[in-house]
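Residue numbers (the working numbering), protein chains in the order written: chain A, 1 to 151; chain B, 152 to 302. Note that the Cβ used here is the ideal one computed from N, Cα and C, for glycine as well. These notes are about the structure you will find just below.
Protein chains: 2
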Amino acid sequence: MLRLSKKADYALMAMAHLALKPGSASAREIAEKYEIPTELMAKVLQRLARHGLLTSQQGARGGYTLARTATGISVADVIQAIDGPVSVTACSTHGDRCGQFAKCNVRDPLWRISDIIVSALSKTMVSELANDVPAAVERAPIQIAAAPVRA
Amino acid sequence: MLRLSKKADYALMAMAHLALKPGSASAREIAEKYEIPTELMAKVLQRLARHGLLTSQQGARGGYTLARTATGISVADVIQAIDGPVSVTACSTHGDRCGQFAKCNVRDPLWRISDIIVSALSKTMVSELANDVPAAVERAPIQIAAAPVRA
DNA sequence: TAATCTAGGACTTGTGAGGTCGTATATGAG
DNA sequence: CTCATATACGACCTCACAAGTCCTAGATTA
Ligand code: SF4
Ligand code: SF4
Numbered sequence: 001m002l003r004l005s006k007k008a009d010y011a012l013m014a015m016a017h018l019a020l021k022p023g024s025a026s027a028r029e030i031a032e033k034y035e036i037p038t039e040l041m042a043k044v045l046q047r048l049a050r051h052g053l054l055t056s057q058q059g060a061r062g063g064y065t066l067a068r069t070a071t072g073i074s075v076a077d078v079i080q081a082i083d084g085p086v087s088v089t090a091c092s093t094h095g096d097r098c099g100q101f102a103k104c105n106v107r108d109p110l111w112r113i114s115d116i117i118v119s120a121l122s123k124t125m126v127s128e129l130a131n132d133v134p135a136a137v138e139r140a141p142i143q144i145a146a147a148p149v150r151a
Numbered sequence: 152m153l154r155l156s157k158k159a160d161y162a163l164m165a166m167a168h169l170a171l172k173p174g175s176a177s178a179r180e181i182a183e184k185y186e187i188p189t190e191l192m193a194k195v196l197q198r199l200a201r202h203g204l205l206t207s208q209q210g211a212r213g214g215y216t217l218a219r220t221a222t223g224i225s226v227a228d229v230i231q232a233i234d235g236p237v238s239v240t241a242c243s244t245h246g247d248r249c250g251q252f253a254k255c256n257v258r259d260p261l262w263r264i265s266d267i268i269v270s271a272l273s274k275t276m277v278s279e280l281a282n283d284v285p286a287a288v289e290r291a292p293i294q295i296a297a298a299p300v301r302a
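Below you can see the structure in the form of structure tokens.
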């Protein structure tokens with residue numbers, strides 16, 4: 001439960017890889033290194049590129065590069081590029097009202113929890129994935145009202 | 152993505168309902184009130200009872216009651232009772248090692264995020280779901296190291 | 001012009017969530 | 001006593017979606 005998709009997982013691995021590696025890397029290269037199905041990795045990278053997180057270079061000797069610096073891309077960015085908006089409840093996105101929407105008694109509290117999660121994802125940058133922070137020493141506390149992140 | 156299951160959702164609604172209502176309530180009663188499939192609601196409640204979050208009374212005029220006070224049950228308790236341990240990654244539980252486990256470069260950072268999420272869920276009590284806190288005024292900040300909550 | 005790469009749609013497969021059914025058992029009311 | 005109303009629980013069905021495959025087109029370089 002609350003698990004993120006494999007594609008998103010792959011995406012994060014690729015981003016972390018690109019954050020370290022200078023220059024560009026091809027889909028095949030990354031896929032083989034992490035034992036990810038090549039075609040699937042390609043698709044994931046394409047999506048990241050389409051969402052402006054990566055820049056792509058076509059043709060032989062082509063590949064992908066981070067579009068911004070690794071400190072400027074959050075894992076929330078990556079996840080949302082792959083899986084769409086993060087939503088804890090079925091009702092959170094647009095008018096996706098589940099059958100219980102009208103009578104629901106837990107909607108607001110759950111949205112608040114959702115904000116905490118999105119906030120946590122937004123504050124963790126790809127750079128932190130790459131050079132895995134040694135000990136999470138003194139990180140900024142997550143404040144509830146700190147996330148105006150909703151879609 | 153990162154959505155919680157419908158069953159968990161139903162469970163939280165039921166818990167919030169029971170937190171308000173004095174005495175006990177039957178599965179059918181709750182199911183009808185929130186337009187939840189009766190048989191499914193029953194199953195969810197049974198599971199909550201088996202995990203010690205509810206006490207059940209069989210037979211006519213039977214039903215369910217909160218086993219503890221609403222301030223003593225967290226939404227993490229409820230979710231875990233229904234869906235098992237909260238895990239952001241496929242590898243988080245026991246030896247559920249996905250194919251990439253060996254070469255994975257994002258495992259640790261993701262677990263840290265997972266801890267933040269679990270922490271948020273553990274700090275929100277069923278009582279807060281019930282009488283939806285007026286404005287989330289001054290809540291304790293979520294600290295990263297604050298969650299020794301793993302399984 | 002052949003090899004290598006991205007781009008992207010169409011397709012197949014597998015899994016698990018959501019929901020249903022059937023049956024056994026407990027219990028109070030009439 | 002027995003009937004209506006509950007919980008208890010396993011087996012089953014169904015269907016959407018995640019994960020993965022395949023195929024074709026177009027860019028780039030050696
Ligand atoms: S049950 Fe309530 S919280 Fe869950 S999806 Fe429906 S409206 Fe949203
Ligand atoms: S890819 Fe890494 S983080 Fe994701 S499940 Fe596998 S081991 Fe865990």
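Item, Value
"Any chain B beta carbon closer than 8 angstroms to Y64(A)", "no"
"T275(B) beta carbon near ligand 2 (any heavy atom closer than 7 angstroms)", "no"
"Minimum Cβ-Cβ distance from T220(B) to chain A less than 8 angstroms", "no"
"T55(A) - partner residues in DSSP beta bridges", "T65(A)"
"CB contact check: D283(B) to chain A, cutoff 8 angstroms", "yes"
"Partners in chain B for H17(A), counting only beta-carbon separations shorter than 8 angstroms", "N256"
"Backbone secondary structure at P141(A) - three-state DSSP", "Its pLDDT being 45, under 50, P141(A) is placed unreliably in this model, and the coordinates cannot settle the point."
"A16(A) versus Y34(A), L4(A), M1(A), L2(A), residue with shortest Cα-Cα distance", "Y34(A)"
"For M13(A), the three-state DSSP class (helix, strand or coil)", "helix"
"Boundaries of the alpha helix (DSSP H) in which T38(A) is found, first to last residue", "38-50"
"Start-to-end residues for the alpha helix (DSSP H) that takes in L129(A)", "126-130"
"Residue-level contact to chain B via CB, Q100(A), 8 angstroms cutoff", "yes"
"Proximity test, Cβ basis, 8 angstroms: S273(B) and chain A", "no"
"Chain B contact for D77(A) (CB, 8 angstroms cutoff)", "no"
"N282(B) classed as buried or exposed, judged by whether at least 16 other C-beta atoms fall within 10 angstroms", "exposed"
"Q251(B) CB to nearest heavy atom of ligand 2 below 7 angstroms", "yes"
"Which of helix, strand or coil DSSP assigns to S5(A)", "coil"
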